[in-house]
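Residue numbers (mature numbering (1 follows the signal peptide of the UniProt record, and there is no 0)): -20 to -1, 1 to 211.
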């Protein structure tokens, strides 16, 4: 964890010193996350979340008037996850699980910015990311004719439920990777943006095959909208 954060800080710090034209930006976003899962009897649904980012922009070609091309490493704190619903084998029993992992994410993006008016423009960015899950819990609810049972499960560490009588293995691996695509409409130093993260990694901690011979797979993806400012 410490090595991960130190590496991210060194990347941002070194590029800022190396290039005098480097710019800095921050943004806050509303996210909508879900998972791609092939585990039978589970139906995932999208949930809202948060996303806060900071990044630098290092120009390497073009100029502001005709089109500026840049490299943009950054650091993002965000939530992912989904709501899962399942019908139990027992008649009249329903299970709902809301999983919300929190990640530190390092995007490494290429971008292009084009002006179409004196103070207005558009920008496009894409590139890979690496994420580390630093916290997260799942709230599980079992409902039947006798009432409701609620339990909290740690997503990245083993948990004990039912008054400590049953151990649940951590369902997710901490590291994730994928790609981000985003676009922004700019006015002076301010911008509004939309984007998506597409996870490539199978973050399921248990990848054993199920009864049908399929490997368990869980992949993150999300959409986000937000506003930001450049300095």
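Idealized CB from N, CA, C, for every residue including glycine.
query = Between 152, 164 and 203, which lies nearest to residue 182 when the distance is taken from Cα to Cα?
reply = 152
ask   = Quick one: what's residue 186 bridged to in DSSP?
value = None, per the DSSP bridge assignment.
query = When DSSP labels each residue in this structure, what does residue 203 get in the three-state scheme?
reply = strand
query = With respect to the beta strand (DSSP E) encompassing residue 5, which residues constitute its N-terminal and C-terminal limits?
reply = 3 to 17
request  = Might you give, ordered along the chain, the residues of its own chain that have their beta carbon closer than 6 Å to the beta carbon of residue 199, omitting 5 neighbours on each side?
outcome  = 16 and 179
request  = Identify whether residue 138 lies in helix, strand or coil by the three-state DSSP scheme.
outcome  = coil
query = Helix, strand or coil: how does DSSP classify residue 60 here?
reply = coil
inquiry  = Once the 5 residues before and after residue 167 are set aside, which same chain residues still bring their CB inside 8 Å of it?
reply    = Cβ neighbours of residue 167 beyond the five flanking positions: 99 and 100.
request  = Provide the residue span of the beta strand (DSSP E) that contains residue 94, from first to last.
outcome  = 74 to 97
C-alpha distance - residue 54 paired with residue 36, whole-angstrom precision = 6 Å
query = Which stretch, first to last residue, makes up the beta strand (DSSP E) that contains residue 195?
reply = Note, residue 195: premise wrong, no beta strand (DSSP E); not H, not E.
ask   = If you draw a straight line from the C-alpha of residue 132 to the C-alpha of residue 27, how long is it?
value = Roughly 18 Å between the two C-alpha positions.
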